[in-house]
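Heads up: the sequence shown begins at 1 in full-length UniProt numbering, then just goes up one per residue. One structure below.
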Amino acid sequence: MKFRMRAFVAGMVVATLVWISLFFIFYGEVAQPPDKSKFDNFLPQGKSKAINRFVPKHNHQLQINKETDNKVDFENNLKVDKFGDGNHKRGENLILGTRGDVVPKDFGKHKADQVAEDPGIIRNPEERKLRVEGMRKHAFNELISERIGFHRNITDTRNSLCKYKSYSDDVLSTSIVICFYNEAWSTLLRTVHSVLERTPKHLLHEIILVDDFSEFEHLKEPLDIYVKNQLPSLVSLYHSPKREGLIRARIQGASYATGEVLVFLDSHCEVNVEWLEPLVDRIIAEPHTVVCPVIDIINSDSFEYQASPLVRGGFNWGLNFQWIPVPQSRNAGKETAATPIRSPTMAGGLFAMRLDYFQELGEYDPGMDIWGGENLEISFRIWQCGGILEIHPCSRVGHVFRKRRPYGSAKDTMAKNSLRVAHVWMDEYTVSCRMKYIAPHIKDKHVDFGDISSRLALRERLKCKPFKWYMENIYPELKLPSEKQGVSLGQMAGKARRPEADSVSKGMLRNYQYDLCLTTSGDPSIKGAEAILRPCVTTGREQMWYQSRLHELRLANLLCLGQREVGNQSLVMMKCHGMKGNQEWIVKGKEIYHKASGECLTAKKTRGYIFASVEICTGEKTQQWKYG
Numbered sequence: 001m002k003f004r005m006r007a008f009v010a011g012m013v014v015a016t017l018v019w020i021s022l023f024f025i026f027y028g029e030v031a032q033p034p035d036k037s038k039f040d041n042f043l044p045q046g047k048s049k050a051i052n053r054f055v056p057k058h059n060h061q062l063q064i065n066k067e068t069d070n071k072v073d074f075e076n077n078l079k080v081d082k083f084g085d086g087n088h089k090r091g092e093n094l095i096l097g098t099r100g101d102v103v104p105k106d107f108g109k110h111k112a113d114q115v116a117e118d119p120g121i122i123r124n125p126e127e128r129k130l131r132v133e134g135m136r137k138h139a140f141n142e143l144i145s146e147r148i149g150f151h152r153n154i155t156d157t158r159n160s161l162c163k164y165k166s167y168s169d170d171v172l173s174t175s176i177v178i179c180f181y182n183e184a185w186s187t188l189l190r191t192v193h194s195v196l197e198r199t200p201k202h203l204l205h206e207i208i209l210v211d212d213f214s215e216f217e218h219l220k221e222p223l224d225i226y227v228k229n230q231l232p233s234l235v236s237l238y239h240s241p242k243r244e245g246l247i248r249a250r251i252q253g254a255s256y257a258t259g260e261v262l263v264f265l266d267s268h269c270e271v272n273v274e275w276l277e278p279l280v281d282r283i284i285a286e287p288h289t290v291v292c293p294v295i296d297i298i299n300s301d302s303f304e305y306q307a308s309p310l311v312r313g314g315f316n317w318g319l320n321f322q323w324i325p326v327p328q329s330r331n332a333g334k335e336t337a338a339t340p341i342r343s344p345t346m347a348g349g350l351f352a353m354r355l356d357y358f359q360e361l362g363e364y365d366p367g368m369d370i371w372g373g374e375n376l377e378i379s380f381r382i383w384q385c386g387g388i389l390e391i392h393p394c395s396r397v398g399h400v401f402r403k404r405r406p407y408g409s410a411k412d413t414m415a416k417n418s419l420r421v422a423h424v425w426m427d428e429y430t431v432s433c434r435m436k437y438i439a440p441h442i443k444d445k446h447v448d449f450g451d452i453s454s455r456l457a458l459r460e461r462l463k464c465k466p467f468k469w470y471m472e473n474i475y476p477e478l479k480l481p482s483e484k485q486g487v488s489l490g491q492m493a494g495k496a497r498r499p500e501a502d503s504v505s506k507g508m509l510r511n512y513q514y515d516l517c518l519t520t521s522g523d524p525s526i527k528g529a530e531a532i533l534r535p536c537v538t539t540g541r542e543q544m545w546y547q548s549r550l551h552e553l554r555l556a557n558l559l560c561l562g563q564r565e566v567g568n569q570s571l572v573m574m575k576c577h578g579m580k581g582n583q584e585w586i587v588k589g590k591e592i593y594h595k596a597s598g599e600c601l602t603a604k605k606t607r608g609y610i611f612a613s614v615e616i617c618t619g620e621k622t623q624q625w626k627y628g
């Protein structure tokens with residue numbers, strides 16, 4: 001009996017020791033940080049990491065991660081691992097994971113700790129060259145974009161009423177189509193990750209990436225590998241075998257979609273909190289509604305996320321899209337800041353509608369080339385053929401607004417596309433529209449806008465209303481004709497934010513190195529005058545600088561100091577646009593930091609005179625200023 005008792009006790013001790021050993025081995029392995037070396041191929045810190053590791057062996061018809069046609073296992077698509085970094089976790093109902101290994105905490109972020117203060121700072125000529133090259137290729141500050149990584153917190157710009165709204169319990173699976181051409185690595189993947197991190201998993205059916213025959217190597221095999229190994233299986237990537245342009249690329253992307261709701265996004269966006277739920281909720285309530293989010297502004301110089309005011313889409317008689325104010329009658333009725341806004345037109349880049357309705361309505365016009373005019377065409381078609389077009393104030397998506405198209409002008413395609421729109425949808429309004437506003441911008445007065453018989457047949461089949469009905473019922477504010485309808489979104493946002501008198505301080509700017517003061521080569525009211533240094537004069541307005549709440553430096557409170565163009569270090573006086581960017585200056589002690597260029601205000605001597613420029617911040621006396 002004693003022997004059996006001893007054997008039992010000994011067995012319990014051995015078993016306990018074994019379990020304790022296994023416990024420490026298991027949790028010791030789990031507690032170890034992931035091996036970052038296995039992610040080296042995918043680090044987004046400049047394209048060299050991705051490009052130089054691969055020999056271009058690209059199959060343009062390569063299809064990544066797409067399940068068998070029309071047999072997508074939605075539930076299996078959602079079985080993904082979760083990020084190891086709790087900072088990314090926004091609730092159990094979000095798509096947070098990647099296929100395979102846990103993502104390191106600093107994955108997709110710049111390794112230099114010093115950029116935490118300001119991601120745009122330039123420390124050496126190599127970084128300046130990277131910034132200039134990024135601006136040339138993409139028309140935005142790619143250096144900052146890469147430094148801020150794929151994951152960042154952005155301001156919830158919704159009205160507080162939106163935060164208390166509840167949405168339908170019904171579920172409509174959603175396919176999100178993102179088409180791109182020569183997009184930057186960081187902006188494309190930040191778009192994708194923002195969707196994955198801020199979208200409820202019960203709504204997100206798939207993300208479809210369509211590469212419109214890009215030329216950049218990082219969008220070929222490196223992107224294929226990243227999508228395959230680092231993103232959930234609900235993300236699919238398709239490469240077009242030839243350049244189609246945005247319009248036909250979107251038609252192609254929609255043909256791959258298998259969800260009930262179709263959402264189009266541009267490839268340089270960041271979706272905000274609860275961005276998709278309001279859009280789907282409106283489509284559930286009214287299947288023939290097409291819903292757009294409010295488009296917030298991501299500054300192309302600083303990547304600062306800025307709220308946009310509530311505005312609607314309109315157009316002028318040159319068939320150019322314009323933002324127009326929300327009618328004042330809206331404030332007098334039952335509508336609130338959380339009520340959808342009916343809009344005559346859409347901006348075009350971001351919207352949601354039922355997939356079957358998109359197909360029934362005729363998709364996009366395949367006879368249009370590249371881009372331009374497609375947003376007005378689909379807007380007219382929605383309204384004239386029985387649908388509703390809205391902007392939902394509780395859905396917010398940030399978009400990088402660039403000052404130019406990085407891959408050339410679309411003037412010729414815009415003219416052709418606009419003529420197709422006019423001749424299919426605008427009836428008797430076509431004549432004045434074409435002759436007075438479109439024709440003067442066309443080099444060849446006899447532009448062939450192609451065969452429109454199929455689109456006219458579509459209009460007949462859908463029993464669409466005449467354009468006169470649209471003008472009288474949807475956009476009665478547009479007078480015939482007018483060249484000054486609406487303003488840009490940037491102008492709208494600038495006007496909404498800019499008070500009449502917003503100066504917070506004023507004084508002279510005296511340079512420590514030369515003991516001279518900053519002024520201009522001409523009168524303070526002359527736009528384009530170069531910023532130079534002269535002997536300090538305490539009388540008059542020629543050397544009095546006002547700092548605004550928008551961090552502008554305004555000479556005589558008239559014009560703003562700014563950098564004319566990227567790569568040109570000299571500074572000039574320009575009209576204040578109220579959008580920060582190239583006119584934003586941060587006073588840090590004795591230094592004055594130019595946020596858009598990542599450099600400091602500098603007094604530079606050349607050819608016998610001293611002028612103001614932006615140079616790499618060194619702390620030298622030429623960059624030290626006394627303000628006051």
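Note that the Cβ used here is the ideal one computed from N, Cα and C, for glycine as well.
Under a Cβ-count criterion, where at least 16 other Cβ atoms within 10 Å of its own Cβ denotes burial, should residue i be classed as buried or exposed?
i: residue 470; result: buried
i: residue 344; result: buried
i: residue 453; result: exposed
i: residue 586; result: exposed
i: residue 125; result: exposed
i: residue 294; result: buried
i: residue 608; result: exposed
i: residue 214; result: buried
i: residue 164; result: exposed
i: residue 267; result: buried
i: residue 153; result: exposed
i: residue 211; result: buried
i: residue 347; result: buried
i: residue 114; result: Reliability of the predicted coordinates at residue 114 is poor, the pLDDT of 37 falling under 50, and no value is obtained from them.
i: residue 149; result: buried
i: residue 195; result: buried
i: residue 129; result: exposed
i: residue 421; result: buried
Along the chain, where does the alpha helix (DSSP H) containing residue i start, and where does it finish?
i: residue 281; result: 276 to 285
i: residue 195; result: 185 to 197
i: residue 374; result: 374 to 384
i: residue 454; result: 453 to 461
i: residue 470; result: 467 to 473
i: residue 480; result: No alpha helix (DSSP H) holds residue 480; DSSP gives it neither H nor E.
i: residue 237; result: First-last for residue 237: 235 to 239, but that is the beta strand (DSSP E), not the alpha helix (DSSP H).
Hey, residue i and residue j: beta-carbon distance below 8 Å or not?
i: residue 391; j: residue 327; result: no
i: residue 467; j: residue 425; result: yes
i: residue 520; j: residue 573; result: yes
i: residue 302; j: residue 581; result: yes
i: residue 367; j: residue 413; result: no
i: residue 336; j: residue 276; result: no
i: residue 555; j: residue 563; result: no
i: residue 584; j: residue 596; result: yes
i: residue 261; j: residue 381; result: no
i: residue 503; j: residue 557; result: yes
i: residue 396; j: residue 158; result: yes
i: residue 622; j: residue 543; result: no
i: residue 376; j: residue 319; result: yes
i: residue 398; j: residue 361; result: no
i: residue 474; j: residue 545; result: no
i: residue 612; j: residue 532; result: yes
CB-CB under 6 Å to residue i, same chain, minus the five flanking residues each way: which ones, in chain order?
i: residue 618; result: none
i: residue 209; result: 178 and 237
i: residue 601; result: 592
i: residue 528; result: 572
In its own chain, which residues sit with a C-beta less than 7 Å from the C-beta of residue i, not counting the 5 before and 5 after it?
i: residue 250; result: 177, 179, 264 and 364
i: residue 242; result: 213
May I ask which residues mark the beginning and end of the beta strand (DSSP E) holding residue i?
i: residue 244; result: No beta strand (DSSP E) holds residue 244; DSSP gives it neither H nor E.
i: residue 401; result: 388 to 401
i: residue 270; result: 269 to 271
Taking only beta-carbon positions, decide if residue i is within less than 8 Å of chain B.
i: residue 608; result: Given the protein chain composition of this structure (a single chain), no chain B is represented.
Those runs of the alpha helix (DSSP H) which lie wholly inside the stretch 107 to 163 and span at least 4 residues: 125 to 138 and 142 to 148
Give the list of continuous alpha helix (DSSP H) stretches no shorter than 4 residues that lie fully inside the stretch 208 to 233. 221 to 230
Tell me the start and end of each unbroken alpha helix (DSSP H) in the UniProt domain "Ricin B lectin" (505 to 628) that is at least 4 residues and wholly inside, in chain order. Counting only unbroken stretches of 4 or more residues, no alpha helix (DSSP H) element lies wholly within the UniProt domain "Ricin B lectin" (505 to 628).
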